[in-house]
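Position one of the sequence shown corresponds to residue 37 (the numbering used here), numbered consecutively onward.
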Amino acid sequence: MIVVMRRDASAADIEGVLARLRERALTPHISAGAERTIIGILGPVGASGVASALGSITPELGAMLEGLDGVEQVLEVSKPYKLASREFHPEATLVHVPSPGGEVVIGASEVVMMAGPCTVESEEQLMAAAHAARAGGATVLRGGAYKPSTSPYGFRGLGAAGLKLLALARQQTGLAVVTEVMTPAEVELVAEYADILQIGARNMQNYYLLDEVGRSGKPVLLKRGFSATIEEWLLAAEYILAQGNPNVILCERGIRTFERMTRNTVDINAVPLVKQLSHLPVVVDPSQGTGKRSLVASVALAAVAAGADGLIVEIHPHPDAAVKDGAQSLHLAQYAELMPRMRAVAAAVGRE
Ligand code: PEP
Ligand code: MN
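Take a look at the structure:
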């Protein structure tokens, strides 16, 4: 349920509504927009420590709230996801990522570039990619230390040693770090090194993992599962938000379709659609999305044109020798060539 305050509602009017909610042990989420304040209401906190979406929210409660001073109207949130919905939170969410090179803001006018290797392989490889990423204008370094491998015989990452290399690259370049975490037990360790926790496509519906990254309070990059509908994806985001962590970045990374000429099919529709349905920032991964190096730049530009708040792109000093995803990794020179084109497309759609 959401309470829409009148434009001229006073601070005392808002406090009056909050007091009535507190009396009923309901959890208010205040969204103070430029025009008016909107108060989202979730039900009481249950045994799991999470406010329920239903709880004791009844039509009688709505009628009571509608009678309070400064209230314009009370609406039901029609979507199954509540905290993630635009109805609940009309203003766009900005995710602030502290980093040694200065704060990175995702969801503002600047399109954020995240670049780096699929997998952390060695100090030499990671540093070469990180310095190139930064020189091109990226503000976030990507790189997996824990890799979800489709085959049990595939490389599964350097683990903690990979995290340490990411920390070194962060220190040397000032870039923020995004890296994947795969189990609830490892969230604490990965969160010590990462500025953004990545939830991979394969784990989008690993609900205990979503709870745990929610509890960490860290920014989370939530990949769309390759067979997930947009509603399922937003419900996965809801798990993280429901733990009190508002710092969720959605990532469209391609879905599985009948088409086998590309690794996945980037759902470009999802970018403007999710921005209509949700206040959360959206980034696109054209590397997993296409699986083909020759397509990455075009799809990256299309994503920016479609309104993406950022991109996450795989780059590698020697893609042909990469332990993972070499076929979709850009050569460092190709990435350098892409960046000025990205700037031109961003400017054409009113972004930086
Ligand atoms: C990756 O970013 O390298 C990766 C494994 O992504 P996804 O979870 O989208 O497949
Ligand atoms: Mn990859």
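For glycine and all other residues, C-beta sits at the position ideal for the given N, C-alpha and C.
Identity of the residue in the options nearest residue i by Cα
i	options	result
serine 185	Arg238, Gln208 and Leu204	Arg238
arginine 72	Ser187, Ile93, Ala55 and Val39	Val39
asparagine 281	Val131, Leu374 and Ala380	Val131
asparagine 300	Val256, Arg206, Glu267 and Phe262	Phe262
valine 284	Thr94, Ala264, Ala358 and Val133	Val133
aspartate 356	Val340, Arg329, Glu146 and Val381	Arg329
alanine 264	Gly236, Glu51 and Val256	Gly236
glycine 193	Leu374, Leu368 and Val359	Val359
proline 153	Ala164, Cys287 and Ala382	Ala164
threonine 293	Asp345, Pro116 and Gly325	Gly325
phenylalanine 191	Tyr371, Asp361 and Val385	Asp361
alanine 120	Ser158, Val110 and Leu270	Leu270
alanine 380	Glu295, Glu146, Val320 and Val140	Glu146
histidine 354	Val320, Asp49 and Thr155	Thr155
Residue i CB to nearest heavy atom of the ligand PEP below 6 Å
i	result
glycine 236	yes
glutamine 324	yes
lysine 259	yes
arginine 389	The requested residue 389 does not occur in the structure, where the chain is confined to residues 37 to 388.
Simplified DSSP assignment, three categories, for residue i
i	result
histidine 352	strand
leucine 90	At leucine 90, the pLDDT of 49 sits below 50, so the modelled position is not reliable; the number obtained from the coordinates is stated separately. Three-state DSSP puts leucine 90 in coil, outside helix and strand.
lysine 259	strand
glutamine 109	strand
alanine 212	strand
leucine 162	helix
valine 332	helix
histidine 65	strand
arginine 60	coil
methionine 218	coil
Nearest-angstrom beta carbon gap, residue j and residue i [assumed within contact, 8 Å]
i	j	result
valine 217	valine 226	4 Å
valine 349	alanine 363	Contact doesn't hold; Cβ gap of about 14 Å is too wide.
valine 107	methionine 37	Between methionine 37 and valine 107 the Cβ distance is about 12 Å, and since that is not below 8 Å, they are no contact.
Residue i: CB within 6 Å of a non-hydrogen atom of the ligand COA
i	result
arginine 299	Inclusion of the ligand COA in the displayed structure is not the case, the ligand content consisting of the ligand PEP and the ligand MN alone.
Around the ligand MN, which residues pass a check of Cβ closer than 5 Å to any of its heavy atoms?
Cys154 and Asp361
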